[in-house]
Amino acid sequence: MKITVSHQNEMKFEAKTEKSSFIIDCPQISPIEYFLSGIITCSATDVVLLPKQQGYEVKNLEVSGEVVRNESAPRKFNSLHLEYRFESNADDTLAARWVMASLETYCSTINTIRDTTAISYTIIHNGNVIRENEKMISGGGSAVDFGALQGCNA
């Protein structure tokens, strides 16, 4: 993947990708807002495509993200909470699997930040909260203690 960004005027930039181009108008929308939008859109596309491949349909999908950042530079993401709201013709277990598959496997933008950002999520499916403030086990923003493991004695 290659993207070229060129200054247009004032605080406007044009981003050219291999497929298209778009204008980044700072400070109307900051680069960090574009970045967060990309993260959310990456996961949202998974939550539409995975069900479709399995013969299900997702409707009224809305994904919101809230980030806590460092107060001083570098102002990296410390934590990210994503809330998924959607309806589908699947049961709650399958709906949760779609979101978790996106978060843990398919969404490359989330996988890019997971080692430095504590990521949590809430899923509201068909109007019911089916997961609330769940943490990604593999999200590296916080240490996970699995306790002592007992092996077989030979």
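Numbering of the sequence shown is given in our numbering, commencing with residue 1292 and proceeding in unit increments.
Ideal Cβ positions, reconstructed from N, Cα and C, are used throughout, including at glycine.
Every value quoted in this text rests on a predicted model; they were computed, and no experiment measured them.
Requested in this report: Would you give the residue range spanned by the beta strand (DSSP E) that residue 1401 belongs to?
Outcome: Going by DSSP, residue 1401 is part of no beta strand (DSSP E) but of the alpha helix (DSSP H) stretching over 1399 to 1404.
**Report entry** Residues that DSSP places opposite residue 1331 in a beta bridge
**Finding:** In the DSSP secondary-structure assignment, residue 1331 is not bridged to any residue.
Query raised in the report: Taking just the CA atoms, how far does residue 1304 sit from residue 1374?
Result: Rounded to whole angstroms, residue 1374 to residue 1304 spans 30 angstroms at the Cα level.
Query raised in the report: What separation, rounded to the nearest whole angstrom, lies between the Cα atoms of residue 1402 and residue 1410?
Result: Straight-line Cα distance between these residues: approximately 10 angstroms.
Query raised in the report: By Cβ distance, which residues of its chain are closer than 8 angstroms to residue 1419, with the 5 residues on each side in sequence left out?
Result: Contacts found: 1383.
Query - Which of helix, strand or coil DSSP assigns to residue 1295 - result: If DSSP states are grouped into helix, strand and coil, residue 1295 belongs with the strands.
Query - Paired residues, beta bridge with residue 1371 - DSSP - result: DSSP lists 1358 and 1410 as partners of residue 1371.
Query - 8 angstroms contact criterion, which residue 1378 and residue 1417 should meet: CB distance rounded - result: So it is a contact: roughly 5 angstroms between Cβ atoms.
**Report entry** Those residues which DSSP pairs with residue 1305 across a bridge
**Finding:** DSSP lists 1297 and 1314 as the beta-bridge partner residues of residue 1305.
Query raised in the report: If you drop the 5 nearest sequence neighbours on each side, which residues of the same chain put their C-beta closer than 7 angstroms to that of residue 1357?
Result: Taken in chain order, the residues that qualify are 1372.
Requested in this report: Would you kindly work out how many angstroms separate the C-alpha atoms of residue 1326 and residue 1404, rounded to a whole number?
Outcome: For residue 1326 and residue 1404, the distance between alpha carbons rounds to 11 angstroms.
**Report entry** Of the residues 1385, 1318 and 1295, the one placed nearest residue 1307, counting alpha carbons only
**Finding:** Its Cα nearest to that of residue 1307, the residue 1295 stands out among 1385, 1318 and 1295.
Report task. Alpha carbon to alpha carbon, how far is residue 1361 from residue 1328? Give it in angstroms, no decimals. Result -> The C-alpha of residue 1361 is placed about 19 angstroms away from the C-alpha of residue 1328.
Query - Proximity below 8 angstroms, CB of residue 1359 to CB of residue 1351 - result: Not a contact, by the Cβ cut-off of 8 angstroms.
Query - Helix, strand or coil at residue 1348 [DSSP, three-state] - result: Secondary structure at residue 1348: coil, using DSSP grouped into helix, strand and coil.
Query raised in the report: From residue 1406 to residue 1381, what distance separates their C-alpha atoms?
Result: Each residue's CA atom was taken as its position, placing residue 1406 and residue 1381 some 32 angstroms apart.
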